[in-house]
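Take 1 as the starting number for the sequence shown in UniProt numbering and just add one per residue.
C-beta atoms are modelled at their ideal positions from N, C-alpha and C, and glycine is treated no differently.
This report concerns only the one structure given below.
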Amino acid sequence: MEKLHRKVLKRGHYFKKLSPEERHKLRNALKKLRYASDFFLPLFEKTKRKRHFAKTLAGLQDQLGRYNDMAVMEELVQRIMKNKLPVTGQHAAGALLGWQAGSVNRDDAELLSAWKEFQSADLP
1 MEKLHRKVLK
11 RGHYFKKLSP
21 EERHKLRNAL
31 KKLRYASDFF
41 LPLFEKTKRK
51 RHFAKTLAGL
61 QDQLGRYNDM
71 AVMEELVQRI
81 MKNKLPVTGQ
91 HAAGALLGWQ
101 AGSVNRDDAE
111 LLSAWKEFQS
121 ADLP
């Protein structure tokens, strides 16, 4: 688990500057760490440190999942908008992009907070 933990911390070192693709790679590394922790952590004594680590790991994975969903949605809407849409379709696509932009701004702050919390959590 230590090796996977180090890999996650290394991938996220310059977290604010990561591209969507780099954040996706971080998310995949985090998934591997979560799978390992889900397997190994029950073998250890229940401690506050263990619960905190599991909670921060799950929280960060959830936030990165939402970020990835937003990035994929934006790409899909942009592709759809390249086609000739009726006016109502254009309005709907514009509304989706506006909603997505607002969500990304709010989610970015939550994601950065989740990353900082994960960084400070000690491996059990």
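| query | residue 101: beta carbon under 7 Å from a heavy atom of the ligand SAM? | reply | This structure simply doesn't include the ligand SAM, nor any ligand for that matter.
| query | Helix, strand or coil: which one does DSSP assign to residue 53? | reply | Translated into positions along the sequence shown, residue 53 becomes position 53. Residue state, collapsed to three classes: helix.
| said: Restricting to Cα atoms, I'd like to know which of 88, 78, 34 is closest to residue 2. | reply: Residue 2 sits at position 2 when you count from the first residue of the sequence shown. Among 88, 78, 34, the Cα nearest to that of residue 2 is on 34.
| Three-state secondary structure assigned by DSSP to residue 47 | Along the sequence shown, one-based indexing puts residue 47 at 47. Coil, per DSSP.
| task | Note the first and the last residue of the continuous alpha helix (DSSP H) segment covering residue 28. | result | Numbered from 1 along the sequence shown, position 28 holds the residue referred to as residue 28. Segment 20-40, the alpha helix (DSSP H) holding residue 28.
| field | Contacts around residue 5, its chain only, beta-carbon distance under 7 Å, and the 5 residues preceding and following it disregarded | value | Here residue 5 refers to the residue found at position 5 of the sequence shown. Answer for residue 5: 33, 123, listed in chain order.
| field | Best match in 120, 96, 63, 64 for proximity to residue 79 [C-alpha to C-alpha] | value | On the sequence shown, position 79 is the one that residue 79 refers to. Per the Cα distances, 96.
| message | Can you check which of these residues, 10, 18, 70, is closest to residue 98 by C-alpha distance? | response | Translated into the one-based positions of the sequence shown, residue 98 becomes position 98. Checked all of 10, 18, 70; the closest Cα to residue 98 is 70.
| query | Are the segment 105-114 and the segment 50-64 touching by the rule of at least three beta carbon pairs closer than 8 Å? | reply | yes
| message | With the cut-off set at 8 Å, would you say residue 8 and residue 29 are in Cβ contact? | response | The residue labelled residue 8 in the question sits at position 8 within the sequence shown. The residue labelled residue 29 in the question sits at position 29 within the sequence shown. Yes, they are a contact pair.
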